[in-house]
Amino acid sequence: ETGVTQSPTHLIKTRGQQVTLRCSSQSGHNTVSWYQQALGQGPPQFIFQYYREEENGRGNFPPRFSGLQFPNYSSELNVNALELDDSALYLCASSRDRGDEKLFFGSGTQLSVL
Amino acid sequence: SQKIEQNSEALNIQEGKTATLTCNYTNYSPAYLQWYRQDPGRGPVFLLLIRENEKEKRKERLKVTFDTTLKQSLFHITASQPADSATYLCALDIMSNTGKLIFGQGTTLQVKP
Numbered sequence: 001e002t003g004v005t006q007s008p009t010h011l012i013k014t015r016g017q018q019v020t021l022r023c024s025s026q027s028g029h030n031t032v033s034w035y036q037q038a039l040g041q042g043p044p045q046f047i048f049q050y051y052r053e054e055e056n057g058r059g060n061f062p063p064r065f066s067g068l069q070f071p072n073y074s075s076e077l078n079v080n081a082l083e084l085d086d087s088a089l090y091l092c093a094s095s096r097d098r099g100d101e102k103l104f105f106g107s108g109t110q111l112s113v114l
Numbered sequence: 115s116q117k118i119e120q121n122s123e124a125l126n127i128q129e130g131k132t133a134t135l136t137c138n139y140t141n142y143s144p145a146y147l148q149w150y151r152q153d154p155g156r157g158p159v160f161l162l163l164i165r166e167n168e169k170e171k172r173k174e175r176l177k178v179t180f181d182t183t184l185k186q187s188l189f190h191i192t193a194s195q196p197a198d199s200a201t202y203l204c205a206l207d208i209m210s211n212t213g214k215l216i217f218g219q220g221t222t223l224q225v226k227p
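As they're listed, the protein sequences go chains A and B. Numbered per this note's numbering, the first sequence spans residues 1 to 114. Numbered per this note's numbering, the second sequence spans residues 115 to 227.
In structure tokens, the structure reads:
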């Protein structure tokens, strides 16, 4: 167990809708990163990282992917105007600090966009 | 851009043998390299980290080597067991010491009893 929990575990949305995915980091971890992994294939792709409630770097994802981090070690990933290609496993990973190399991943949220 | 390559084909070995997985990278000089294990439908689990100034790292039945000249890391599992069957991912930091990782495609290991 990594101590990182994500909710919901599965979600079905339709194209154009908006979705919010949630993550609870390990206590004491001030950095959270989000990754997208195509269902059943491919590596996790870095979306963005939050450090002390501010975005601290973003991968190659459009602005309709946004996030929030809260003081209580919880965070959210929001995706607006869902597209079919957004169907994926979304992984949250926490670390003690932004320079800490070891990531603790949650089990992910499987999002299906129809 | 950075590129990471792992054995794209699945690796099938017999229980008790040593599994060796390869990770090659280009266009980058990482401060460290990590290996993760991922089971179907689950998030990756951290296994080992090796820094640029380290040649080898061990943890129980796991061993990682890092050759910055060849730009290659080898990951070994000795005395493999069916429970070791999973996908193994290598990962590099996108920018030094930021914790933002870029992952290889992963190698699926199947250990047969």
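Ideal Cβ placement from N, Cα and C applies to all residues, glycine included. Predicted model only: the values in this text are computed from it and were never measured.
*VAL159 (chain B) CB to nearest chain A CB: under 8 Å?*
The residue you call residue 159 (chain B) lines up with position 45 of the second sequence. Chain A, which has a Cβ nearer than 8 Å to the Cβ of VAL159 (chain B), makes this yes.
*Assigned secondary structure, LEU39 (chain A) (DSSP; H/G/I helix, E/B strand, else coil)*: Against the first sequence, residue 39 (chain A) aligns to sequence position 39. Looking at LEU39 (chain A) - three-state DSSP - the assignment turns out to be coil, as it is neither helix nor strand.
_Does the CB of TYR139 (chain B) have a neighbour CB from chain A at under 8 Å?_
Taking the second sequence and counting its residues from 1, one reaches residue 139 (chain B) at position 25. With 8 Å as the cut-off, TYR139 (chain B) does not count as an interface residue toward chain A.
*Go ahead and pull the three-state DSSP assignment for ASP86 (chain A).*
Taking the first residue of the first sequence as 1, we reach residue 86 (chain A) at position 86. Reduced to three states, the DSSP call for ASP86 (chain A) is helix.
*So SER74 (chain A) and GLY67 (chain A) are in contact, right, with Cβ under 8 Å, and what is the actual spacing, rounded?*
Walking along the first sequence from the start, residue 74 (chain A) turns up at place 74. Walking along the first sequence from the start, residue 67 (chain A) turns up at place 67. So it is not a contact: roughly 11 Å between Cβ atoms.
*Compute the Euclidean distance between the alpha carbons of ASN78 (chain A) and GLU129 (chain B), then round it to the nearest angstrom.*
Here residue 78 (chain A) refers to the residue found at position 78 when the first sequence is read from its first residue. Here residue 129 (chain B) refers to the residue found at position 15 when the second sequence is read from its first residue. Rounded to whole angstroms, ASN78 (chain A) to GLU129 (chain B) spans 44 Å at the Cα level.
_On a Cα-Cα basis, can you pick out the residue from A:HIS10, A:SER112, A:SER7 and A:VAL32 that is closest to PHE70 (chain A)?_
Along the first sequence, read from residue 1 onward, the residue named residue 70 (chain A) stands at position 70. Ranking the options by Cα distance to PHE70 (chain A), first place goes to A:VAL32.
_Which residues does DSSP list as the beta-bridge partners of ASP207 (chain B)?_
Residue mapping note: residue 207 (chain B) aligns to position 93 of the second sequence, counting from 1. Its beta-bridge partners are B:LEU215.
*Proximal chain A residues relative to LEU163 (chain B), where beta-carbon distance stays under 9 Å*: Within the second sequence, the letter at position 49 stands for residue 163 (chain B). Ordered by position in chain A, the residues that pass the 9 Å Cβ test against LEU163 (chain B) are GLU101 and LYS102.
_By the DSSP assignment, the beta strand (DSSP E) with TYR51 (chain A) in it spans what residues?_
Sequence index remark: in the first sequence, residue 51 (chain A) carries index 51 (1-based). It spans 45-51 - the beta strand (DSSP E) in which TYR51 (chain A) sits, taken as one unbroken run.
_Cα-Cα separation, GLU168 (chain B) to ALA38 (chain A)_ = Locating residue 168 (chain B) in the second sequence gives position 54, where the first residue counts as 1. Locating residue 38 (chain A) in the first sequence gives position 38, where the first residue counts as 1. GLU168 (chain B) and ALA38 (chain A): Cα-Cα distance of roughly 33 Å.
*To the nearest angstrom, report how far apart THR64 (chain B) and PHE217 (chain B) are at their CA atoms.*
Within the shown structure, residues of chain B are numbered from 115 to 227, placing residue 64 (chain B) beyond reach of any answer.
*Step through the CB atoms of chain B and report whether any lies within less than 8 Å of the CB of GLY67 (chain A).*
Against the first sequence, residue 67 (chain A) aligns to sequence position 67. No, GLY67 (chain A) lies away from the interface with chain B (no Cβ there is under 8 Å from its Cβ).
*Tell me whether SER94 (chain A) is buried or exposed, calling it buried when 16 or more other Cβ atoms sit within 10 Å of its Cβ.*
Here residue 94 (chain A) refers to the residue found at position 94 when the first sequence is read from its first residue. Classification of SER94 (chain A): buried, given that the 10 Å Cβ count is 16 or more.
_To the nearest angstrom, how far is the alpha carbon of LYS117 (chain B) from that of SER27 (chain A)?_
For the purposes of this step, residue 117 (chain B) is taken as residue 3 along the second sequence, with counting starting at 1. For the purposes of this step, residue 27 (chain A) is taken as residue 27 along the first sequence, with counting starting at 1. Their backbone Cα atoms lie some 34 Å apart in a straight line.
*Keeping to the same chain, check which residues put their C-beta closer than 7 Å to that of TYR84 (chain A); ignore five residues upstream and five downstream.*
Counted from its first residue, the first sequence places residue 84 (chain A) at position 84. One point to set straight first is that residue 84 (chain A) is Leu, not Tyr, in the sequence displayed. For LEU84 (chain A), where only same-chain residues beyond five positions count, the Cβ hits under 7 Å are ARG15 and VAL113.
*Cα-Cα, which of B:GLN152, B:LEU147 and B:ALA197 is closest to TYR139 (chain B)?*
Translated into positions along the second sequence, residue 139 (chain B) becomes position 25. Out of B:GLN152, B:LEU147 and B:ALA197, B:LEU147 has the C-alpha closest to the C-alpha of TYR139 (chain B).
*So what does DSSP say about ALA93 (chain A), is it helix, strand or coil?*
Along the first sequence, one-based indexing puts residue 93 (chain A) at 93. It is a strand residue.
_Proximal residues, the segment 127-153 of chain B versus chain A, C-beta separation under 7 Å_ = TYR146 and GLN148
*Tell me whether THR109 (chain A) is buried or exposed, calling it buried when 16 or more other Cβ atoms sit within 10 Å of its Cβ.*
By one-based count along the first sequence, residue 109 (chain A) stands at place 109. Result: buried.
*Are the beta-carbon atoms belonging to TYR51 (chain A) and ARG98 (chain A) less than 8 Å from one another?*
As a first step, residue 51 (chain A) must be located in the first sequence, where it is residue number 51. As a first step, residue 98 (chain A) must be located in the first sequence, where it is residue number 98. Yes.
*Does any residue of chain A bring its CB to less than 8 Å from the CB of GLN186 (chain B)?*
As a first step, residue 186 (chain B) must be located in the second sequence, where it is residue number 72. Not closer than 8 Å to any Cβ of chain A, the Cβ of GLN186 (chain B) fails to qualify, so no.
*asked:* At a CB distance below 9 Å, what residues from the segment 79-108 of chain A approach chain B? Give them in sequence order.
replied: LEU89, LEU91, CYS92, ALA93, SER95, ASP97, ARG98, GLY99, ASP100, GLU101, LYS102, LEU103, PHE104, PHE105, GLY106, SER107 and GLY108
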